[in-house]
């Protein structure tokens, strides 16, 4: 075995690799209409068994991928509602499944993790370019850039715990 192959077989610990792993789980689950967690468990098993279609993740990266998959499963209705408000002129049925799933994954992170937005968006664009069509990277970048800007404004499109009227305020009719 060459040194290059040995290096390639070492477990990867990047968040980008974990995001790609989670994306592939989400894509397969949606395509087969299967439960996310069962696809994650099966995919993890394949990776651990040496399936070379998946980069071997170290434990930290695998845990992060698991958090993404679990969070997506928990918050998918809010994520989809946020994307519907953000993407104008496109329905989910019109979008490539690859683009939609990259957007779902990144939207979860933007809304719920508190991580800086630029690396999330950069990873999403790279995944879209790798697995999507010719315009996927630009489309994903545009949608997520707009979402990121709107989340930094008061009353952005995401779920906001502070949006309920305060007790001293009268609800607007």
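Numbering (full-length UniProt numbering), first residue to last: 1 to 173. For each residue, glycine too, the CB sits at the ideal point set by N, CA and C.
(message) According to DSSP, is residue 34 part of a helix, a strand, or is it coil?
(response) DSSP places residue 34 in coil when its eight states are reduced to three.
(request) Tell me, to the nearest whole angstrom, how far the beta carbon of residue 40 is from that of residue 79; I am working on the premise that it is less than 8 Å. (result) With a beta-carbon spacing of about 17 Å, residue 40 and residue 79 fall beyond the 8 Å limit used to define contacts.
(request) Inspect the beta-carbon positions of residue 140 and residue 132 and report whether they are closer than 9 Å. (result) Yes, Cβ-Cβ distance for residue 140 and residue 132 is below 9 Å.
(request) Mark residue 136 as exposed unless 16 or more other C-beta atoms lie within 10 angstroms of its C-beta, in which case mark it buried. (result) A residue is called buried once 16 or more other Cβ atoms fall within 10 Å of its Cβ, and residue 136 is buried on that count.
(request) Evaluate residue 24 with the Cβ neighbour count: other Cβ atoms within 10 Å of its Cβ, from every protein chain shown; 16 or more gives buried, anything less gives exposed. (result) Classification for residue 24: buried.
(request) Assess, as a yes-or-no matter, whether the segment 84–92 is touched by the segment 47–59 under the definition of 3 or more beta carbon pairs within less than 8 Å. (result) Output reads no: the segment 84–92 does not touch the segment 47–59.
(message) Within 10 Å of its beta-carbon, does residue 172 have 16 or more other beta-carbons around it, so buried, or fewer, so exposed?
(response) Any answer about residue 172 is weak, because its pLDDT of 39 lies below 50 and its placement is not dependable; what the coordinates show is given next. Residue 172 sits exposed, since fewer than 16 C-beta atoms from the chains shown fall within 10 Å of its C-beta.
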